[in-house]
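Have a look at the structure below before the remarks.
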Amino acid sequence: MSLPKSEDAARAGTYRLGVYEVARMGYGAMQLRRCAGNLARAVAVLERAVDLGVDHIDTAQIYGNGFVNEAIGKVLRSRDGIIVASKVGADPSPNEKMPLKPAQRPEQLRASVEDNLRSLGLDQIPVVNLRRLDAGPGLKPEGVQVVDLDDQMAVMIALWDEGKIGAIGLSAIDLNGLKRALPAGIACVQNAYSLVSRQFEDMLALCLEHKIAWVPFFPLGGAFPGWPKLTDQPKVIEIAERLKITPAQLGLTWLLAHAPNMLLIPGTADRQHLEENVAAASIQLAQEALAELDALDLSPAPGDIK
Numbered sequence: 139m140s141l142p143k144s145e146d147a148a149r150a151g152t153y154r155l156g157v158y159e160v161a162r163m164g165y166g167a168m169q170l171r172r173c174a175g176n177l178a179r180a181v182a183v184l185e186r187a188v189d190l191g192v193d194h195i196d197t198a199q200i201y202g203n204g205f206v207n208e209a210i211g212k213v214l215r216s217r218d219g220i221i222v223a224s225k226v227g228a229d230p231s232p233n234e235k236m237p238l239k240p241a242q243r244p245e246q247l248r249a250s251v252e253d254n255l256r257s258l259g260l261d262q263i264p265v266v267n268l269r270r271l272d273a274g275p276g277l278k279p280e281g282v283q284v285v286d287l288d289d290q291m292a293v294m295i296a297l298w299d300e301g302k303i304g305a306i307g308l309s310a311i312d313l314n315g316l317k318r319a320l321p322a323g324i325a326c327v328q329n330a331y332s333l334v335s336r337q338f339e340d341m342l343a344l345c346l347e348h349k350i351a352w353v354p355f356f357p358l359g360g361a362f363p364g365w366p367k368l369t370d371q372p373k374v375i376e377i378a379e380r381l382k383i384t385p386a387q388l389g390l391t392w393l394l395a396h397a398p399n400m401l402l403i404p405g406t407a408d409r410q411h412l413e414e415n416v417a418a419a420s421i422q423l424a425q426e427a428l429a430e431l432d433a434l435d436l437s438p439a440p441g442d443i444k
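Residues 139 to 444, numbered by our numbering, are exactly what the sequence shown covers, in order.
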């Protein structure tokens, strides 16, 4: 069953994700793990996102240990035209301070793709991102989890050949790794990037050159040590108040204006925040405001990145 969509998410235009054209404002599903035990609530948030024109949903099997994928699968059975991107490279570790652990070995990557297929109810995942762990913040591989990129790409390409994934993306990758992987035909790159953490400008430029989508996680900053939150920055708050939008909307709008290959996946489990995020696709900043934001220097110093 296909339902009419609002055009809200599409007002910022579209960009290619693999072989698909998607609205530049998508939805990151990680926060739906907060709905664990209430599948109907998670489904309602997803359906509202689709009603607002969102056609690109980012997920992972580790979100809620399959709960989030279950909710997405339920929506996929009733709505058409939704492109799902998942990721592999980490497994749950619920009893640890960091609730994730590296799962970088080729056999673990394959197993994670199979788990995603089952929980989503798909025969093929349109895009699967290899979470490489070369760039922070967060997990660092050690011991047997230090795996050569070529070995990982070999299994990802095999899964593509088998029709289990439609395109390969990269996450937490460094510039050298991206350059090595380019011949495989990379659909997107997911690294931490925002108005307050612009340390990957060179990679963003390389992606634009090769028509690769840039899909930043932590688009509003992050909670890791040394990574400032955009919504805590006095200057950002001041500009947002002057423009009568929220600081989050200001950060999302700046990203959309900053590069045409930018695809956003802000996440929330709250319908009001979802609607505010999607509304950012309709906001156009004046050149003066963009120049003022471009001139801000809020990125963490390299030594502060954990």
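Beta carbons: idealized from backbone N, C-alpha and C, even for Gly.
For clarity, every value in this text was computed on a predicted model and none was experimentally measured.
The beta carbon of residue 357 lies closer than 8 Å to those of 331, 332, 389, 390, 393, 402, 403, 404 in the same chain, with the five residues before and after it left out. Contact fails between the region 363 to 374 and the region 345 to 353, because fewer than three Cβ pairs, one in each stretch, are under 8 Å apart.
Ranked by Cα distance from residue 207, the first of 238, 168, 243 is 168. Beta-bridge analysis with DSSP links residue 222 to 195.
Collapsing the DSSP output to three states places residue 384 in coil. If the five residues before and after residue 430 are omitted, its C-beta is found closer than 8 Å to the C-beta atoms of 377, all from its own chain and listed in chain order.
Counting C-beta pairs with one atom in each stretch, the region 178 to 185 and the region 227 to 244 have fewer than three that are closer than 8 Å, which means they do not touch.
DSSP places residue 176 in the coil class of the three-state scheme, outside both helix and strand. The region 292 to 311 makes no contact with the region 198 to 217, as fewer than three CB pairs between them are under 8 Å. In the structure shown, residue 306 adopts extended strand secondary structure according to DSSP, grouped into three states. When only Cα atoms are considered, residue 191 and residue 151 end up about 11 Å apart. Between residue 163 and residue 334, the C-beta gap is not smaller than 7 Å, which leaves the two residues out of contact. For residue 212, the enclosing alpha helix (DSSP H) begins and ends at 205 to 214.
Cα atoms of residue 209 and residue 186: separation of roughly 13 Å, rounded to the nearest angstrom. For residue 327, the enclosing beta strand (DSSP E) begins and ends at 324 to 328. Residue pairing for residue 152: DSSP places it in a beta bridge opposite 161. Collapsing the DSSP output to three states places residue 349 in coil.
Within the region 232 to 283, the complete beta strand (DSSP E) runs of at least 3 residues fall at 238 to 240, 265 to 269. The C-beta distance from residue 279 to residue 244 rounds to 13 Å, too long to meet the 8 Å contact threshold.
For a cut-off of 8 Å, the C-beta gap from residue 188 to residue 149 is around 16 Å, too long to register as a contact.
By the 16-neighbour rule on beta-carbons within 10 angstroms, residue 323 is exposed. Along the region 388 to 425, the alpha helix (DSSP H) occurs as fully enclosed runs of 4 or more residues at 409 to 417, listed in sequence order.
When the beta-carbon positions are compared, residue 211 and residue 265 stay at least 7 Å from each other. Contact between residue 423 and residue 386 does not hold, since their C-beta atoms are separated by about 14 Å, which reaches or exceeds 8 Å. Within the DSSP bridge table, the entry for residue 366 names no partner. Contact check for residue 269 against residue 231 fails: the beta carbons are separated by 7 Å or more. The C-alpha of residue 233 lies about 15 Å from the C-alpha of residue 277. CA-CA distance, residue 381 to residue 425, rounds to 13 Å. Taking residue 354 as reference, the option from 365, 363, 342 with the minimal CA-CA separation is 342.
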